[in-house]
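Right, dumping it as structure tokens:
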């Protein structure tokens, strides 16, 4: 995934679907690491978990 360093990014996580998919695939989501991934690659202006 490629982002420009000055690109503004908002992250919207559909928690129930992400959880169900991760559970069915047999792995856990590290949300801090997910947030850091986007924060290191672009200007993360907002992250919303719903």
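In this note's numbering, the protein residues as written are 10 to 59. All C-beta atoms, glycine included, are put in the ideal place defined by N, C-alpha and C.
### Query
In the DSSP assignment, what are the bridge partners of residue 73?
Not covered by the structure: residue 73. The range shown for the chain is 10 to 59.
### Query
What three-state label does DSSP hand residue 48 in the structure shown?
Start at 1 with the first residue of the chain shown, and residue 48 comes out as number 39. Note: residue 48 maps to helix in three-state DSSP.
### Query
Below 8 Å between beta carbons: does that hold for residue 18 and residue 54?
The residue labelled residue 18 in the question sits at position 9 within the chain shown. The residue labelled residue 54 in the question sits at position 45 within the chain shown. Cβ atoms of residue 18 and residue 54: closer than 8 Å.
### Beta-carbon spacing of residue 42, residue 12 below 8 Å
By one-based count along the chain shown, residue 42 stands at place 33. By one-based count along the chain shown, residue 12 stands at place 3. It is not a contact, given that the beta carbons lie outside the stated cut-off.
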